[in-house]
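Each residue of the sequence shown is one higher than the one before, starting from 1248 at the first, in this note's numbering.
Think of the CB as a built atom: it goes at the ideal place given N, C-alpha and C, for glycine as much as any other residue.
From a predicted model like this one, the values you see are computed outputs, not experimental measurements.
Structure, as structure tokens:
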Amino acid sequence: MAEKSVGTESLAIEGAKKEYKGKKLRVAFIGCGGISHTHAAALAGMPDVEIVAGVDIIPERLTVFQERWGVPKLYESWKKMLKEVEPDAVSVCTPNGVHKAPTVDALNAGCHVMVEKPMAMNPGECEKMIAAAEKAGKQLAVGFQYRYHPNTQFLKRSADGGEFGDIMFMKCQALRRRGIPNWGVFGQKEKQGGGPMIDIGVHIIEMAHYFMGSPKPVAATGNTWTYHGNKPSKVVVPWPNWDYKTYTVEDLAIGHIRFENGAILQVEASFVAHIEKDVWNFSFMGTKGGGQWDPPMTFTDRNDTMVNTAAHYVGGDVDFPALFRIKLRNWVDACMTGSPLEAPGEAGLAVQKMLDGVYRSAAAGKEVTIK
Ligand SMILES: NC(=O)c1ccc[n+]([C@@H]2O[C@H](COP(=O)([O-])OP(=O)(O)OC[C@H]3O[C@@H](n4cnc5c(N)ncnc54)[C@H](O)[C@@H]3O)[C@@H](O)[C@H]2O)c1
């Protein structure tokens, strides 16, 4: 699957104002914590969407969700909700370990699904989710939003136009100097599948892989380290008081992915790293040119001269909520009309294979094959 850049039209927030002949997509939420509100804010602004139910195991989360978004029905069990509400579509915003089960149940109940990133805990779970979507004939989208970012789109258009030749090397960094989430279950390996690699490395890998034209990963090597999050700390940080007693994930993960075409992707992801400051970036070298995501620049030869080009304007003020409006709009359009998804389950599976490869290599202490 070689994905093309998204046209500027679909980047336009105005796209959110479409209507389908008065028909509304009835969307239910499974998981009403932090990120569900960003989803709900995006969907609440769409005239062709109605939020019909919320599911969470914590009653207070349901109360807040109802108060903010005027949701008529609340449940503590998604199975009961699916049976009684019969929504058209479901947004799955639960912790990673609770992505597969509600997604498969919702698809089996005939719903379209948007599942948050990472798609699941491992590639095997992703495959079951994709199979359920195929069987049901429903849309399964993965909550990747950074491919819509104007910087990504600028570089993708340049790559599609042949400016860089073949991409040989990608360096991807999702590095926090000190940023262990102090909410949810982000420090618990059995509930999340891992730490920064699966939580934020996933974002940088997905946009880099999309930019590269989605080559097939074939091998991985890497390692993970835990040295800070599992101990009490007095260091002054923006997110203090995380639960160090239940912290079982890595602080830092480094990986190399080899692709079928010979390209290499290096990924660095941390909740804790002794670096100057946080980094959120990728850079790359191709046979004809290179570049970087932030600030968006390209490095090429022009008129027998080595030239560095800084993009002057890559798009409007596309902030975090706007990226969610774009990703959810693409999903809603696909549910309503069958138009193509920008980030289908297959994209989630490819990324999951890379994450899994790094973790498997870390456990095995050697390079592993990705099937
Ligand atoms: N795309 C992004 O940029 C982005 C940003 C943040 C989070 N996320 C993803 O969204 C997911 C949720 O993250 P969050 O920050 O909202 O976490 P959170 O802990 O704030 O919310 C998760 C909610 O799910 C509920 N839940 C847990 N088990 C449940 C079950 N069995 N049935 C129903 N509800 C259940 C919890 O009670 C909680 O309210 C994670 O997978 C995370 O990776 C994505």
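Going by the DSSP bridge assignment, what does D1548 pair with across the sheet?
M1553
Mind checking whether F1391 and F1531 have CB atoms under 9 Å apart?
no
Please state the DSSP three-state secondary structure of A1263.
Only weak support exists for where A1263 lies, its pLDDT of 45 falling under 50; the coordinates are left without a value.
Can you tell me whether DSSP reads H1475 as helix, strand or coil?
coil
Closest to N1320 by C-alpha separation, out of A1289, F1276, A1520, would be which residue?
It is Lys, not Asn, that sits at residue 1320 in the sequence shown. The option with the nearest alpha carbon to K1320 is F1276.
Would you call the CB atoms of A1388 and M1376 closer than 9 Å?
no
Can you give the beta carbon distance from Q1420 to E1515, rounded, assuming they're within the 8 Å contact cut?
5 Å
Say the cut is 8 Å; is the CB of V1302 nearer than that to a heavy atom of ligand 1?
yes
Is it the case that the Cβ atoms of E1363 and G1442 are separated by a distance below 9 Å?
no
Backbone CA spacing between Y1322 and V1615 [nearest angstrom]:
43 Å
Quick one: using the 10 Å Cβ neighbour count with 16 as the cut-off for buried, is E1701 buried or exposed?
Outside the modelled stretch of the chain, which goes from 1248 to 1618, sits residue 1701, for which no answer is possible.
Note down, in chain order, each residue of its chain lying with its Cβ closer than 6 Å to the Cβ of N1488, except the 5 sequence neighbours on either side.
N1429
Short of 6 Å in beta carbon distance, which residues of its chain neighbour G1262, apart from the five on each side in sequence? Order them along the chain.
Its pLDDT being 45, under 50, G1262 is placed unreliably in this model, and the value from its coordinates should be taken loosely. Excluding residues within five positions, the ones whose Cβ falls inside 6 Å are R1576.
What's the gap between the Cα of G1533 and the Cα of Q1539?
12 Å
Put S1283 into one of helix, strand or coil per three-state DSSP.
helix
Cβ-heavy atom distance between G1442 and ligand 1 below 8 Å?
no
Check each candidate in A1291, I1511, V1465, G1585 and name the one with the smallest Cα separation from M1241.
Outside the shown range of the chain (1248 to 1618) lies residue 1241, about which nothing can therefore be said.
I need the straight-line Cα distance from Y1560 to D1566, nearest angstrom please.
15 Å
Hey, is F1391 close to ligand 1, as in C-beta under 8 Å from one of its heavy atoms?
yes
As assigned by DSSP and simplified to three states, the class of M1619:
Residue numbering for the chain in the displayed model covers 1248 to 1618; residue 1619 lies beyond these limits and cannot be assessed.
So is the beta-carbon of N1343 under 8 Å away from any non-hydrogen atom of ligand 1?
yes
DSSP bridge partner residues for R1505 (one or two, in chain order)
A1466, I1511
Quick test of your reading: P1624 and I1617, contact by CB under 8 Å. State the CB separation rounded to the nearest angstrom.
The question about residue 1624 has no answer here: the residues shown for the chain are numbered 1248 through 1618.
If I measure Cβ to Cβ from F1571 and keep anything under 8 Å in the same chain, skipping five residues before and after, which residues do I get?
T1285, H1286, A1288, A1289, Q1392
Quick one: what's got a C-beta closer than 7 Å to T1255's C-beta in the same chain, skipping five residues either side?
The predicted model places T1255 with a pLDDT of 45, which falls under 50 and marks its position as unreliable; any figure quoted below should be read in that light. Answer for T1255: no residue qualifies.
Quick check on the DSSP output: what are the complete beta strand (DSSP E) runs of length 3 or more inside the stretch 1368 to 1429, in order along the chain?
1387 to 1390, 1414 to 1422
Which residue wins for smallest C-alpha separation from K1270, given the options A1594, V1598, V1579?
V1579
Buried versus exposed, by CB contacts within 10 Å (16 or more), R1549
exposed
Would you call the stretch 1599 to 1607 in contact with the stretch 1499 to 1507, where contact means no fewer than 3 C-beta pairs closer than 8 Å?
yes
Buried or exposed (CB count within 10 angstroms, at least 16 for buried), A1557:
exposed
Inter-residue CB distance, Q1400 and G1301 (contact presumed, cutoff 8 Å):
Contact flag wrong, Cβ pair sits at about 33 Å.
Along the chain, which unbroken stretches of the alpha helix (DSSP H) at least 4 residues long are found entirely within the stretch 1299 to 1326?
1306 to 1316
For ligand 1, I want to know if E1507 counts as a neighbour, meaning its beta carbon is within less than 8 Å of at least one of the ligand's heavy atoms.
no
Counting beta carbon pairs with one atom in the stretch 1339 to 1350 and one in the stretch 1307 to 1318, are three or more of them shorter than 8 Å?
no
If you drop the 5 nearest sequence neighbours on each side, which residues of the same chain put their C-beta closer than 8 Å to that of G1409?
K1535
Please state the DSSP three-state secondary structure of G1254.
Any answer about G1254 is weak, because its pLDDT of 49 lies below 50 and its placement is not dependable; what the coordinates show is given next. DSSP places G1254 in coil when its eight states are reduced to three.
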